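First comes the structure, then the notes that go with it.
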Amino acid sequence: DFTALSGGIYSSEWFWAKALHALRENESIRKDAYAIIEHCDWMPALLTGRLRPEEVKRSRCAAGHKGMWAEEWGGYPSQEFLSRLDPLFDGFAGHLSNETYTGDIPAGELTQEWAERLGLRKETKVAVGIIDAHAGAVGAGIKAHTMVKIVGTSTCDIVVTPKEDMKEKFVPGISGQVDGSVIPGYIGLEAGQSAFGDIYAWFKHLLSWTLQGVEAGEALISRILPALNEEASKLTVMENDPVACDWFNGRRTPYADQKLKGGLFGLTLGTTPAQIYKSLVEATAFGSRAIMEHIEKEGIEIAEVIGVGGISLKSPYVMQTLSDVMGVPIKIAATQQAGALGAAIGASVAAGCFDSVQNAQKVLVQKHLTVYYPQDKHRKVYDVLYNRYLKAGIFMQDFR
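607 is the number that my numbering gives to position 398 of the sequence shown; each next residue is one higher, with no gaps.
If you want it as structure tokens, here you go:
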């Protein structure tokens, strides 16, 4: 089962699905395509001049999480499997190297052309690529028993755990578990939500549709979310509050299903915009709790969360709700460019400045900006609302 280390699922957002879509839908690509390559593999290949697909040092992170690569079956899925999946894949497996590399390994040195264009020395080392969210986890200071939550329009949740803790364990329903995808020597696990901030933006646009295109309308629209945050934060959390299901853009984790839809429950004629917004914020937090509990039930401890991304910096109300619902402290990363910092950490090891990612983190990762602690006064009520959220999800399974 080539999906065993991808949570037993395969998403339409991932490597082989995207490639097959391009081959099926674009005749010119189908006619001329020789190989398939990830963006994070192409950039180092371009900079170092190693452009033959068979010679590219491919990212362990991208190959493992998105391409069904695993040491357990000798690399990528077999050509036989891919051809059975679709004959359009005939021949493509032969142009993939079955060896992959972690993000702290040199991919090569700059070509003369790129050294001149970038104003750098030709001897400058270029590290092997890594997916943006996983690099962000490194830049945020990820370590064992910590979840890094990249919170923006959607979310990506990254956890690392020692190999000995995983043993032969496969975690179902996540976006992959890959040896060395985040920190070499650790198993990297990926999960996430298909929509987070996008749900708040949807509600803002819903409330402001008559203002769109109106002179001075944008100024008024920009005041909606701050006002909703302020009013929602004043509301008392009660067991009979409206409840929402956060699958407005499908569900990524647990068990990806992009056909699922969101919902609102428990509305009355007296329900206010702030109450609806509160239910949407809580729904995104409940979705985060569902992911954490799904991972923890497999024996992987999560003691704290590090928040990264725009919402973590802009919305104390959302982050406090997230901490209350998840029941763990949430530290806010000091860097606003965690992905760039994580890539720099990998490059610093590849260049020989540090001997490990962990030692580079000790020097380069800044302390957190603030910490949100769960408020015990809300725990029992949120347990009730969370159970209602789970029941709402069962109901929404029929609305695909």
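Glycine is no exception: its CB is placed at the ideal position from the N, C-alpha and C atoms. Everything numeric in this text was worked out from a predicted model, so none of it was measured.
Residues near residue i in its chain [Cβ-Cβ closer than 6 Å; skip 5 each side]
i	result
F211	M277 and P286
T311	R269, G389 and P393
I430	S417 and L420
G519	G361
S557	F563 and A569
K275	W223 and F224
Secondary structure of residue i, DSSP reduced to three states
i	result
R239	helix
D466	strand
I626	A query on residue 626 cannot be resolved here, the shown segment of the chain reaching from 210 to 609 and no further.
V337	coil
R609	coil
F298	helix
T579	strand
T530	helix
V593	helix
G460	Looking at the sequence shown, residue 460 is not Gly but Arg. Residue state, collapsed to three classes: strand.
I509	coil
F412	helix
I541	strand
Y285	coil
R330	coil
Neighbourhood of residue i by C-beta, 7 Å cutoff - its chain only, sequence neighbours within 5 removed
i	result
I198	Nothing can be reported for residue 198, as the shown portion of the chain is limited to 210 through 609.
R460	S403, D466 and L469
A342	I359, C365 and I367
R498	V534, M535 and Y595
T480	P451
G176	Beyond the ends of the chain as shown, which are 210 and 609, falls residue 176; an answer cannot be given.
Cutoff 8 Å; reference residue i; Cβ partners in own chain excluding five residues on either side
i	result
L214	G273, M277, A279, E281, F379, G385, Q386 and V387
R330	L319 and A324
A302	Y285, P286, S287, Q288 and L291
N307	W278, G283, G284 and Y285
Span of the alpha helix (DSSP H) around residue i
i	result
K523	G519 to K523
C249	H248 to T257
L232	F224 to E234
F495	P482 to E505
V572	V566 to L573
C562	C562 -> no alpha helix (DSSP H), and no H or E assigned at all.
M356	From DSSP, M356 is part of no alpha helix (DSSP H) but of the beta strand (DSSP E) over T355 to V360.
A428	G426 to I430
A272	R269 to K275
A436	I433 to K443
M447	It is not in any alpha helix (DSSP H) - M447 carries neither H nor E in the DSSP assignment.
E308	Where E308 is concerned, there is no enclosing alpha helix (DSSP H), given that its DSSP letter is neither H nor E.
Residue i: CB within 7 Å of a non-hydrogen atom of the ligand NAP
i	result
E439	No copy of the ligand NAP occurs in the structure displayed, which carries no ligand at all.
Nearest-angstrom beta carbon gap, residue j and residue i [assumed within contact, 8 Å]
i	j	result
A542	V517	5 Å
A271	I245	That pair is no contact at about 11 Å.
M375	I511	Actually they are not in contact, since the Cβ atoms of M375 and I511 sit about 14 Å apart, beyond 8 Å.
A336	I351	Not really, about 17 Å apart at Cβ, beyond 8 Å.
K540	E505	Not confirmed; about 19 Å, so no contact.
V593	E448	5 Å
P382	H503	In the sequence as presented, Pro is not what sits at residue 382; that position holds Gly. Between H503 and G382 the Cβ distance is about 6 Å, and since that is below 8 Å, they are a contact.
Residue interval of the beta strand (DSSP E) (run including residue i)
i	result
P315	P315 to E318
F211	Premise fails: F211 is in no beta strand (DSSP E) and is neither H nor E.
Q402	Y395 to Q402
Q386	Q386 to D388
L473	G472 to F474
D279	The sequence given here has Ala at residue 279, not Asp. No beta strand (DSSP E) contains A279, which DSSP labels as neither H nor E.
A453	V452 to C454
*Counting Cβ pairs, one atom from each stretch, are 3 or more of them under 8 Å apart for the region 282–292 and the region 532–548?*
no
*Any chance the region 297–305 sits against the region 225–233, with 3 or more Cβ pairs inside 8 Å?*
yes
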